[in-house]
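Q: I am attaching a structure below and will ask some questions about it afterwards.
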Amino acid sequence: MGHWEWPLVLFTVLGQTSVGIIFCLWLLERKRGKQAVQAGPEYQKFMQSSVLVSGVLLAVAMIASLFHLGHPLAAYRALTHLGTSWLSREILLFVFTFGAWAYLALLSRRPGGKLTGVLALTSALGFLGIISSALIYTLPRVPAWNNLGPVIFFLMTGMILGALVTAVLGRKALAGGEMKQMLGIALGSVMGSAILYLLYFSGLEVTPEGAATAQALLSSPVFWLRAAVGWILPILLILNTISKQDNPQSRLIVLALTCGVVGELLGRGLFYVSAVGMQITALM
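The sequence shown begins at 0 in numbering that gives the first Met the number 0 and counts up one residue at a time.
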C-alpha cells in the first residue's frame, strides 16, 4: 500500500466539489428560466454565495495541487506536454475553468444577469478537467486504476458534494421542488457510488494484483469507516430529510454534507494508497 497523498486528495475532492456546485446551479437556473420564475433577493444572494464558495474551493484545490509537484514554481512547464500528458490537459482545463468562473462571479453580481450560459460553460470545462484528472491514473502498471473506476468515482464525488453544498447554501432560498431535486441528485449519486464500488471490487478480483488490492482495502478499518460515514449515514439522513419536505430539517442536511465530505476524503485517500510508486512525470 502507498501513502496518503493529501495534496492530491484535497485537489481532487475540493475541485470536483466546486464543479459539482456549478453544475447544480446550472440545473436550477435552467429550470427557472424555462418556467420564467423571477429571482427574488434571497435567491440572488444564494446564487452569489454559491458562486463564491465554488470559486474559493477551486482556488484552494489548485493551490493544494502544487504541493504534490516536485517543483511547484515550475508547474507552468507541464503545459508543454499537452499532446501526450493528461496532467498537462488537466492543468489547462482547470485554468480555463477558473477563468470561466471569474467571469461567472462578475456576472452574478449584476442585477438581472443571465447566468445559464456561463454556468453551462464553466461546468463543462470543469467536468472535462475532472475526466482529465481521472485519466492520469488509468495506467496498465497500476491494475487497480486501469479501468473506468477513477473517472466514475471522480465524477460521483462532484455530484454528491456539489448537490449537498448547494442544498446547504440554499436552505432558505430554494423552493421545495428545487431542494428535493438537489437532495435527489445527492441521494442517487451516493447510492450509485456505493453500488459501483461493489462492481469495482468484483472487477479487481479478475487479476492477482487487483485481488490483492481489494483484499488490502477491505481489511482496512478506514474503508469500513468510509462506508459507514460516506454511504450509509448520508443515505439515511437524506431519506429522512426528503420524508420531511414539508418541514425541512436544516441540521440533517448539514450533517449529511459533513458525513459526505469525510467519506469522500477517506475514499480518495484510500484510492491513492491502493498503489505504490505513483509519480507525476509531466514535468520531467
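Glycine included, every Cβ here is placed at the ideal spot set by N, Cα and C. Please read these numbers as outputs of a predicted model, since none were measured by experiment.
(1) Quick one: grab the DSSP three-state call for Arg109.
(2) State buried or exposed for Gln47, treating a residue as buried only when at least 16 other CB atoms are found within 10 Å of its CB.
(3) Which residue's Cα is closest to the Cα of Glu89: Leu134, Ala99, Ile62?
(4) Distance check for Ser87 and Val150, CA to CA, integer angstroms please.
(5) Look at Glu177 and Leu9 and say whether their C-beta atoms are less than 8 Å apart.
(6) Write down every uninterrupted run of the alpha helix (DSSP H) in the stretch 7–64 whose length is 4 residues or greater and which is fully enclosed by it, in chain order.
(7) If you check the beta carbons only, do Val18 and Glu263 fall under 8 Å apart?
(8) Evaluate Pro233 with the Cβ neighbour count: other Cβ atoms within 10 Å of its Cβ, from every protein chain shown; 16 or more gives buried, anything less gives exposed.
(9) Under three-state DSSP, which class holds Ile151?
(10) Residues in its own chain within less than 6 Å of Gly268 by CB, not counting five upstream and five downstream?
(11) If you check the beta carbons only, do Gly284 and Leu57 fall under 8 Å apart?
(12) Should Ala193 and Ile159 be called a contact, given that it needs their Cβ atoms to be closer than 8 Å?
(13) Would the stretch 90–105 and the stretch 115–133 be scored as touching if the rule is three or more Cβ pairs under 8 Å?
(14) What do you reckon, are the CB atoms on Gly157 and Thr257 nearer than 8 Å?
(15) Ala174 by DSSP, collapsed to three states: which one?
(16) Going by beta carbon distance, what residues of the same chain come within less than 6 Å of Trp5, once the five residues before and after it are set aside?
(17) For Gly259, which option in Glu41, Tyr271, Ala166 has the closest C-alpha, if you only look at C-alpha atoms?
(18) Would Gly54 and Phe93 be called neighbours here (beta carbons separated by less than 8 Å)?
(19) Measuring alpha carbon to alpha carbon, tell me which of Gly39, Gly161, Ala38 ends up nearest Phe22.
(20) Please classify Gly229: is it buried, with 16 or more other beta-carbons within 10 angstroms of its beta-carbon, or exposed?
(21) Quick one: grab the DSSP three-state call for Gln214.
(22) Identify whether Phe66 lies in helix, strand or coil by the three-state DSSP scheme.
(23) Could you tell me the distance, in whole angstroms, from the CA atom of Val272 to the CA atom of Gly266?
(24) For Glu204 versus Ala211, is the C-beta spacing smaller than 8 Å?
(25) Could you tell me the alpha carbon to alpha carbon distance between Leu163 and Gln214, rounded to whole angstroms?
(26) Quick one, which of Leu217, Arg29, Met190, Gly191 has its alpha-carbon nearest Phe200's?
(27) Could you tell me the alpha carbon to alpha carbon distance between Lys171 and Glu41, rounded to whole angstroms?
A: Inspection of the coordinates gives the following:
(1) coil
(2) exposed
(3) Leu134
(4) 17 Å
(5) no
(6) none
(7) no
(8) buried
(9) helix
(10) Trp3, Val8
(11) Outside the displayed span of the chain (0 to 283) sits residue 284, for which this structure offers no information.
(12) no
(13) yes
(14) no
(15) coil
(16) none
(17) Ala166
(18) no
(19) Gly161
(20) buried
(21) helix
(22) coil
(23) 10 Å
(24) no
(25) 31 Å
(26) Leu217
(27) 8 Å
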